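Working notes, beginning with the structure itself.
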Amino acid sequence: MNAMYDMIFKRKSFHLFRNVGTDSISDDELTEIKNTFQSFTPLFPQIKTAICIVKSKETNCKRGGEYCILLYSEKKDGYLQNIGYLGEQLDLYLVSKNIGTLWFGIGKTYEKSFENLDFVIMITIKKITDESKFRKDMFKSKRKPVDEIWEGNQIEGVTDIVRFAPSACNSQPWFVKNEDKISVFRYKKSGKRGIMPVDKVSFYNRIDIGIFMCFLDICLLHEGIEFKRELFYDNGGDDELILNAVYKL
């Protein structure tokens, strides 16, 4: 995961692909994307996942992307966090190949199932000819300050970086308590959901927690901090804080 660390600072969410060049993603690159996905580390190895890449016009995503990567999974405990964790590795890998990305949460596709797995979410992609279109200064991005997402001892190179993980409607639904261990919670602020349908908030925010844990793991490993992680079941309830993981350093 260390190779992905630098991509955290480069990546951006292309909410609209405009003036990014006319290069296409080649067939060889598409094959490489599919093969590379198989090498990523899941949160839950026992949950089967797969991706299918289709032309954007075969979905409802109208953001100017060339393709959409459809992510599929078995529906088992933790599958949403697992897809977020795997999908963010994919996101950062694509950035390293100068392919722009956007997690498209409200995406719909005709391909509701693939390899007997259920569709979960999609990422729309497009080749970026001009590398300057990626993020120039991540720290100018709109994110919650550290004291809103992290309680207890801060970790240099970790605490101030993980808060830049992408999330649905930039909801940033995470809270960390670091005492003798790091506890990661899904945080739900009453009434705050952006444009998300009320019945989809916990669905997307559990994916977001997987994305956040991907950032957390990458940063810890980059700093040479070893850890053991214990995962907890999150049933999508409406409690303000729901424990998702504990890291023993």
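Numbering (our numbering), first residue to last: 5 to 253.
Just so it is clear, CB atoms sit at the ideal spot from N, CA and C, and this is done for glycine as well.
Since the structure is predicted, the reported quantities are computational estimates derived from the model, not experimental observations.
When the Cα atoms are used, Y71 and L84 turn out to be separated by approximately 22 Å. Y76 has A54, F123 as its beta-bridge partners, per DSSP. The C-beta distance from W178 to I132 rounds to 28 Å, too long to meet the 8 Å contact threshold. Residue state for T26 is assigned as coil, using DSSP reduced to three classes.
The closest CA to that of F138, considering only C65, N102, K185, is found on N102. Distance from the CA of G241 to the CA of S28, rounded to the nearest whole angstrom, comes to 42 Å. The C-alpha of E152 is placed about 22 Å away from the C-alpha of M200. One thing to note: M217 has its Cβ no nearer than 8 Å to the Cβ of Q93. Around the CB of Q176, 16 or more other CB atoms lie within 10 Å, so the residue is classed as buried. Positions of the alpha helix (DSSP H) runs, each at least 4 residues long and wholly inside the region 151-239, are given as 163-166, 205-226 in order along the chain.
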